[in-house]
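Colleague: Residue numbers (my numbering): 5 to 548.
1) For residue 241, I'd like the list of residues in its chain whose CB is within less than 7 Å of its CB, leaving aside the five on either flank, ordered along the chain.
2) Report all residues from its chain with a CB closer than 6 Å to the CB of residue 499; omit the five preceding and five following residues, and keep chain order.
3) 8 Å is my cut-off, CB to CB: does residue 180 come that close to chain B?
4) Which word fits residue 549, buried or exposed, when buried means at least 16 other C-beta atoms lie within 10 angstroms of its C-beta?
5) Buried or exposed: which applies to residue 239, given that a residue is buried once 16 or more other Cβ atoms fall within 10 Å of its Cβ?
6) Is the CB-CB distance between residue 324 and residue 375 below 8 Å?
7) Does the stretch 487-499 come close enough to the stretch 522-538 that 3 or more CB-CB pairs lie under 8 Å?
8) For residue 141, count neighbouring Cβ atoms within 10 angstroms of its own Cβ and tell me buried if that reaches 16, exposed if not.
9) With residue 385 as the anchor, note down where its beta strand (DSSP E) starts and where it stops.
10) Straight-line CA distance for residue 421 to residue 214?
11) Counting C-beta neighbours from all protein chains within 10 Å, is the total for residue 596 16 or more, i.e. buried, or is it exposed?
12) Residue 450: which of 391, 220 and 481 sits nearest, CA to CA?
13) Does the distance from the C-beta atom of residue 386 to that of residue 345 stay below 8 Å?
14) State the start and end residues of the unbroken beta strand (DSSP E) segment that holds residue 523.
15) Taking the C-alpha atoms as reference points, what is the distance between residue 467 and residue 459?
16) Rounding to the nearest angstrom, what Cα-Cα distance links residue 530 and residue 537 in this structure?
17) Tell me which same chain residues have a C-beta within less than 7 Å of the C-beta of residue 416, skipping the five on either side of it?
18) With a threshold of 16 other CB atoms inside 10 Å of the CB of residue 285, please say whether the residue is buried or exposed.
19) Report back the beta-carbon spacing between residue 279 and residue 287 to the nearest angstrom; my notes put them in contact at under 8 Å.
20) Measuring only the C-alpha atoms, how far is residue 185 from residue 394?
21) Buried or exposed: which applies to residue 193, given that a residue is buried once 16 or more other Cβ atoms fall within 10 Å of its Cβ?
22) In angstroms with no decimal places, state the Cα-to-Cα distance between residue 196 and residue 271.
23) I need the boundaries of the beta strand (DSSP E) containing residue 240, first residue and last residue.
24) For the alpha helix (DSSP H) containing residue 440, name the first residue and the last one.
25) Can you tell me whether residue 414 is helix, strand or coil according to DSSP?
26) How far does the beta strand (DSSP E) with residue 351 in it reach, from first residue to last?
27) Alpha carbon to alpha carbon, how far is residue 432 from residue 250?
28) Assuming residue 306 contacts residue 339 under a Cβ cut-off of 8 Å, what Cβ separation, rounded to an integer in Å, is found between them?
29) Is residue 363 near residue 435, with beta carbons less than 8 Å apart?
30) Which partner residues does residue 493 have in the DSSP bridge list?
31) Taking the beta carbon of residue 493 as the centre, do at least 16 other beta carbons fall within 10 Å, making it buried, or is it exposed?
32) Go through its chain and collect everything with a Cβ distance to residue 222's Cβ below 6 Å, but skip five positions before and after it.
33) Please identify the residue among 233, 541 and 188 whose C-alpha is closest to the C-alpha of residue 515.
34) Taking the alpha carbon of residue 533 as the point to measure from, which residue in 166, 244 and 161 has its own alpha carbon closest?
35) Ends of the alpha helix (DSSP H) at residue 304?
36) Across which residues does DSSP place residue 294 in a beta bridge pair?
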């Protein structure tokens, strides 16, 4: 009978041991000294232990048994007179034991607390465990333009103004939606519903008509280069995609060790595009903007390009220079073309604002047309985002112009090859809009008129803004100080404001513009023009 009871007791005690072990582990999460790191038990308080525990010491327990083994041994010596309930009580008592009997003075308690604090600090300083091999990758800074746009969106001031993004907007701040574009979109929708057109893949080079029409805008509809296949191209993802594609081609096929020259200043993305294309260590700048005259530094431009190595690459803005709004005259374009031809420089035209400078597509393209007529080979990166108002459709064309039609065919074939691993095939909707407008004489004429009207509105805003600024600063600014507002062309004006003044306008007047002082003229609405002019005058007068 006693043997049977011992077995039963042993069975229950084993279960109690497991329960108690869990209790002890829970207790040790907040009391670090109950179980030592090697698995042995710290001495318990004799006063709090059951009377039967005095017969067994911590040294009697196996090194890896822990507190539970000690309790089991202690309880087993009194198994004949103890019940399972007593074992549980003993287990609970042991689990409730104080941290360590040896810590019986304040100094030891303080040392232990310091040690635990230091251990916690050491643990906090260690890199958290991560299953990703990219945790150490640096976090990229936000894009400056879109960061300002986010700040503007979050600004709750009722009279805030957004002069940041390079988009054409109406007087109420809504995006310009050309009637010619609206008309063709209805037709595209109907043709899609009827099954006349589908969402199937286009060719690798995109819609062939798109590059055809882009070439006609750049060179003129009846140019012999179009007829003789001396100009060709592929559809690309607007201006950025076109530049990136051309940059990749130049990196693979242009002269070794060539540098890329960018205007100073230029669109911020130019440097990033050609860096990613492989020209990171070979990007240089040529003087372009004269901050004293707020006009073109033509002498500096010519001198810097003259000092370039033969065969280097130069990025030129076709018209409505971003960010300055300053363009060369036709006479100056003639001189630049002659220099490029003599030094065999490779021009790359960024053509994003055709029609926005003068209101006349043909006049805005005269620089590129002169290059073609004098036999200079060049690339053109055309964007339809602005002059069609289809920013999100990412529609553009990368063109190559050469007197050698065999060379043109070779280049176009490589542009197709390079585009395949970049975006496979380009999107269709934007291309259908552009080709649907430019391929229809009535729509095309309407579109050209709408572009001209928008350019006239931009000119009108420039005139009114200049007049307001002259009135607000008549006692401070020298005569003619604000002439650059009307001398510059296109969507942007380089105001001449410094970064700290732009920050002042944001914080004090809720007017958002780039730190460079670039203003999107379209963002100056009629209802807020006087307020914007007054704020700019305030920023100017505080430093003059």
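Backbone N, C-alpha and C define an ideal beta-carbon position, used for all residues, glycine too. Note that this is a predicted model, so its numbers are computed, not measured.
Modeller: Considering the structure as presented:
1) 398, 400, 427 and 430
2) 521 and 523
3) The structure shown contains no chain B; it is built from a single protein chain.
4) Residue 549 lies beyond the stretch modelled for the chain, which goes from 5 to 548, so this question has no answer here.
5) buried
6) no
7) yes
8) exposed
9) 382-387
10) 18 Å
11) Outside the displayed range of the chain (5 to 548) lies residue 596, so it cannot be described from this structure.
12) 391
13) no
14) 522-524
15) 13 Å
16) 11 Å
17) 236, 237, 238 and 404
18) exposed
19) 7 Å
20) 9 Å
21) exposed
22) 37 Å
23) 235-240
24) 433-442
25) helix
26) 350-355
27) 21 Å
28) 7 Å
29) no
30) Note: residue 493 sits in no beta bridge, so no partner.
31) buried
32) 369, 372 and 384
33) 541
34) 166
35) 302-310
36) 299
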